[in-house]
Amino acid sequence: MPVKAFCSGIALCMTLTSSAYAAQSAPAEQWLQRLQSADAVQGYQGTFVYERKGAFSTHQIWRQVNAQGQLLERFLQLNGPAHEVVRIDKRVTCVSPTLAGELPVVDIWPVSLVKPQDLQQWYDVHELGESRVAGHIARVLLFSPRDQHRYAVELHIDQATAIPLKTLLLNDQGQLLERLEFVQFQASPSQTLTTAEHVIVTPSAECLPITDANQLDADEVSVDWAVDWTPPGFVLLKSFYKQPSGTTSGVLSQVYSDGLASFSVFFENIDNLDVEGGRRQLGPTAVVSRKIEQGAKTVMVTVIGEIPLGSAERIALSMQAEQEHADD
Amino acid sequence: MSQHILNQSLSALIDNEAEELELRRVLNASNDPELRATWSRYQIARAAMHNEPFSAQIDLSASIMAAIDAEPALVAEQTNHQVDIVAQPAKERTMPWLGRLAVAASVTLAVLGGVRFYNQDTVQQDAMLVQSEQRLPATNQSQSPVVLASYGTQSAPVATAQTASEQDLWYERRVPSYLRQHAQQTSVNQAEASLPYARAASLEGQ
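Residue numbers (the working numbering), protein chains in the order written: chain A, 14 to 341; chain B, 10 to 215.
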């Protein structure tokens, strides 16, 4: 008798959870679609805090779609150095001198909007309920990874505009790796740009326009550097070759993304340098470097991304030493 | 002593269940390259099972032994204080050796404890979000100072100066540039640009 009760209990439980799951997955998908469509058109301004291990900073963001349909964005750090970045249609047009350094201009590729069903292949998307962020009612979406190669993301999305107001990155033990949270948020009532708003999105005099040089598509140079393994779901978005100032050899950069998380792989010749590989963990960002002998050449492969250190290590390890030379 | 018993002791040591006899057995055989390789393998397996970050390539022993050998203060004091033991040469010969063994044992324990502590520590640090960054150079055991591997760089300022070589220069020059580039690249792709931007800004001045 107790066994029978137990079995029926389990059956009931399974029925309930499966129906609950079915009811849950549909709105989650709708939220994903809203999230993506709002990103293209919604203007707003707000203040947010960013926190990760060893860092805490406050920032202001202005975001508008102008009369030509261009998306203008301006970021300004409010504490410490006044880091500033202005982007037009997601292309960086100017940065403050403190940030400038070697910040490269990356040719914009067609922003591949992730299909909800693709994302759900790698993440279990759940709607956790409601929360309140910066005085706005938000819906909470949890993206929990289906494997160990990515982190969980908790998004608090503004109910009215579908703009994420709070983003938490969590590791496999549920510990917080980084947090971005708006403390003040004001959505623009319309998509048109008024004169007053235009002044706000205009960069300050400190913001230096950036120019780019020595950048080539990877197809234009014959380098055959590649990693042999990437975690499932991560696709190559962009591959390009660049010669940083002050160096003789170029750097091949590749960007991979699964739609939510991403990592970059950098390949560089280090023939005359006596350096070994290494690894660092900077808050959520894993950095793994590995030296690989490739024929007569020595290549340093560096994997950087918001993925677990072990996965980054495995990606870096997957570049095998090969006999043939890389012609560059 | 058979290799099997030795491996069992090693396994117990890694699981933190070793008794004193087993610890001594492992320490006695610690110059055995085979044992060292096994130790490395067990650590990788353990790290993999517990899903912990662990650098299997850090072998501190060489630098620890070098540090002990290069310890001038102890030797000098011993010679000063043991003038009256000159008549007993046998004892004098054994004393530094014993002392060295004891130091080596305690350093080994400290390293083992440190590794354990490090792993627990990251968990706490991640939760607290306030600690400074960990830096783990992976394969420079030959010239690396003793404490650099599992502790913050600021804890060994003197030793770090010795290894401020091309390696560090390369990291200082390259990694920040790569990090910026990564943040920039991903912000183009991601629906939300604030996050990569804030990440990039937070890395400045590191």
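Ideal Cβ positions, reconstructed from N, Cα and C, are used throughout, including at glycine.
Beta carbon proximity, Y206 of chain B to chain A, threshold 8 Å: Here the question's residue 206 of chain B lines up with position 197 in the second sequence. Yes, contact with chain A.
Buried/exposed call for S50 of chain A, threshold 16 Cβ in 10 Å: As a first step, residue 50 of chain A is located in the first sequence; it is residue number 37 there, counting from the start. It counts as exposed.
C-alpha distance - F198 of chain A paired with G82 of chain A, whole-angstrom precision: In the first sequence, counting from the first residue as 1, residue 198 of chain A sits at position 185. In the first sequence, counting from the first residue as 1, residue 82 of chain A sits at position 69. When rounded, the distance between both Cα atoms is 22 Å.
Where G161 of chain B sits in the DSSP three-state scheme: The residue you call residue 161 of chain B lines up with position 152 of the second sequence. Any reading at G161 of chain B needs caution, since the residue's pLDDT is 34, under 50, leaving its predicted position unreliable; the model's value is listed next. Shown here, G161 of chain B sits in coil according to DSSP, grouped into three states, outside any helix or strand.
Chain A contact for L188 of chain B (CB, 8 Å cutoff): Position 179 of the second sequence holds residue 188 of chain B. Judged by the 8 Å Cβ criterion, L188 of chain B is in contact with chain A.
Length of the line joining the Cα atoms of A218 of chain A and L89 of chain A: As a working mapping, residue 218 of chain A is identified with position 205 in the first sequence. As a working mapping, residue 89 of chain A is identified with position 76 in the first sequence. CA-CA distance, A218 of chain A to L89 of chain A, rounds to 13 Å.
Status (buried if at least 16 other CB within 10 Å, exposed otherwise) for G246 of chain A: As a position in the first sequence, residue 246 of chain A is number 233, starting the count at 1. Classification of G246 of chain A: buried, given that the 10 Å Cβ count is 16 or more.
Inter-residue Cα distance where the pair is I170 of chain A and L45 of chain A: Walking along the first sequence from the start, residue 170 of chain A turns up at place 157. Walking along the first sequence from the start, residue 45 of chain A turns up at place 32. So the alpha carbons of these two residues sit roughly 10 Å apart.
Minimum C-alpha distance to S144 of chain A - residue among A:V138, A:L178 and A:R163: For the purposes of this step, residue 144 of chain A is taken as residue 131 along the first sequence, with counting starting at 1. Closest by alpha carbon: A:L178.
Min CB distance S70 of chain A to chain B below 8 Å: Counted from its first residue, the first sequence places residue 70 of chain A at position 57. Yes, S70 of chain A counts as interfacial toward chain B.
Residues that DSSP places opposite N282 of chain A in a beta bridge: Mapped onto the first sequence, residue 282 of chain A falls at position 269. Answer is A:V312.
Closer than 8 Å to chain B by CB, Q12 of chain A: Nothing about residue 12 of chain A can be reported from this structure: the residues present for chain A run from 14 to 341 only.
Coarse secondary structure for E219 of chain A, derived from DSSP in three states: The residue given as residue 219 of chain A occupies position 206 in the first sequence. If DSSP states are grouped into helix, strand and coil, E219 of chain A belongs with coil.
Classification of Q171 of chain B by the beta-carbon crowding that lies within 10 angstroms, buried from 16 upward: Start at 1 with the first residue of the second sequence, and residue 171 of chain B comes out as number 162. Only weak support is given to the placement of Q171 of chain B: the predicted model assigns it a pLDDT of 41, under 50, and the question is left unresolved by the model.
Residue environment, Q294 of chain A, which counts as buried when at least 16 other CB atoms sit within 10 Å: Looking up residue 294 of chain A in the first sequence gives position 281. Buried, because 16 or more other Cβ atoms sit within 10 Å of the Cβ of Q294 of chain A.
Interface flag, A210 of chain B vs chain A, CB-CB below 8 Å: Mapped onto the second sequence, residue 210 of chain B falls at position 201. The Cβ of A210 of chain B sits closer than 8 Å to at least one Cβ of chain A.
Chain A residues whose Cβ lies nearer than 8 Å to that of Y51 of chain B: As a working note, residue 51 of chain B is residue 42 in the second sequence. Here the premise fails: no neighbours, minimum Cβ distance about 17 Å.
Length-filtered (3 minimum) beta strand (DSSP E) runs lying within the region 119–182 of chain A: Within the region 119–182 of chain A, the complete beta strand (DSSP E) runs of at least 3 residues are 136–146, 149–158 and 165–171.
Proximal residues of chain B, C-beta to C-beta of G82 of chain A below 7 Å: Translated into the one-based positions of the first sequence, residue 82 of chain A becomes position 69. Against chain B, the beta carbon of G82 of chain A has no neighbour under 7 Å; the closest one sits roughly 18 Å away.
Identity of the residue in A:M332, A:G187, A:S201 and A:E140 nearest E281 of chain A by Cα: Translated into positions along the first sequence, residue 281 of chain A becomes position 268. When each option's Cα is compared against that of E281 of chain A, the closest is A:M332.
C-alpha gap between E28 of chain B and N37 of chain B, whole angstroms: Here residue 28 of chain B is taken as the residue at index 19 of the second sequence, counted from 1. Here residue 37 of chain B is taken as the residue at index 28 of the second sequence, counted from 1. Roughly 14 Å separates the two Cα atoms.
Extent of the continuous beta strand (DSSP E) to which I320 of chain A belongs: Position 307 of the first sequence, counting from 1, holds the residue named residue 320 of chain A. For I320 of chain A, there is no enclosing beta strand (DSSP E), as DSSP gives it neither H nor E.
is_contact[T60 of chain A, chain B] using C-beta, thresh 8 Å: Counting from one through the first sequence, the residue named residue 60 of chain A turns up at place 47. Put simply, the CB of T60 of chain A is far from chain B, with every gap to its CB atoms at 8 Å or more.
Buried versus exposed, by CB contacts within 10 Å (16 or more), R50 of chain B: In the second sequence, residue 50 of chain B corresponds to position 41, counting from 1. R50 of chain B counts as exposed, since fewer than 16 other C-beta atoms from the protein chains shown sit within 10 angstroms of its C-beta.
L265 of chain A (DSSP reduced to helix, strand or coil): Start at 1 with the first residue of the first sequence, and residue 265 of chain A comes out as number 252. Three-state result, L265 of chain A: strand.
Length of the line joining the Cα atoms of M137 of chain B and D237 of chain A: If you number the second sequence from 1, residue 137 of chain B lands on position 128. If you number the first sequence from 1, residue 237 of chain A lands on position 224. With a pLDDT of 43 at M137 of chain B, under the threshold of 50, the modelled position of that residue is not reliable, and the figure given next carries that caveat. About 43 Å.
8 Å Cβ cutoff, V184 of chain B in contact with chain A: As a position in the second sequence, residue 184 of chain B is number 175, starting the count at 1. Closer than 8 Å: yes.
Simplified DSSP state of S252 of chain A, which is helix, strand or coil: Within the first sequence, numbered from 1, the residue matching residue 252 of chain A stands at position 239. S252 of chain A carries a strand assignment under DSSP once its states are collapsed to helix, strand and coil.
Residues from the region 95–112 of chain A in contact with chain B, defined by Cβ distance under 8 Å: From the region 95–112 of chain A, only H96, V98, R100, K103, R104, V105, T111 and L112 have a Cβ closer than 8 Å to chain B.
Collapsed DSSP secondary structure at H13 of chain B in the structure displayed: Here the question's residue 13 of chain B lines up with position 4 in the second sequence. Per DSSP, reduced to three states, the secondary structure at H13 of chain B is helical.
Cβ-Cβ separation, A210 of chain B to S70 of chain A (assumed contact under 8 Å), whole Å: In the first sequence, counting from the first residue as 1, residue 70 of chain A sits at position 57. In the second sequence, counting from the first residue as 1, residue 210 of chain B sits at position 201. Right, the Cβ-Cβ distance comes to about 6 Å (below 8 Å), so this counts as a contact.
Burial state of T315 of chain A, where buried means 16 or more other Cβ atoms lie within 10 Å: Position 302 of the first sequence, counted from the first residue, corresponds to residue 315 of chain A. With 16 or more other Cβ atoms from the protein chains shown falling within 10 Å of its own Cβ, T315 of chain A counts as buried.
E194 of chain A (DSSP reduced to helix, strand or coil): Counting from one through the first sequence, the residue named residue 194 of chain A turns up at place 181. In the structure shown, E194 of chain A sits in a strand (DSSP, three-state: E or B).
Interface partners of V300 of chain A on chain B, CB under 8 Å: For this step, residue 300 of chain A is matched to residue 287 along the first sequence. Neighbours of V300 of chain A in chain B, taken as residues at a C-beta separation under 8 Å, are given in chain order as V184, Y187 and L188.
Beta-ladder partner(s) of E86 of chain A, from DSSP: The sequence position of residue 86 of chain A within the first sequence is 73, counting from 1. Paired residues: A:R76 and A:R100.
Straight-line gap, E86 of chain A to V166 of chain A (C-alpha atoms, nearest Å): Indexing the first sequence from 1 puts residue 86 of chain A at position 73. Indexing the first sequence from 1 puts residue 166 of chain A at position 153. So the alpha carbons of these two residues sit roughly 24 Å apart.
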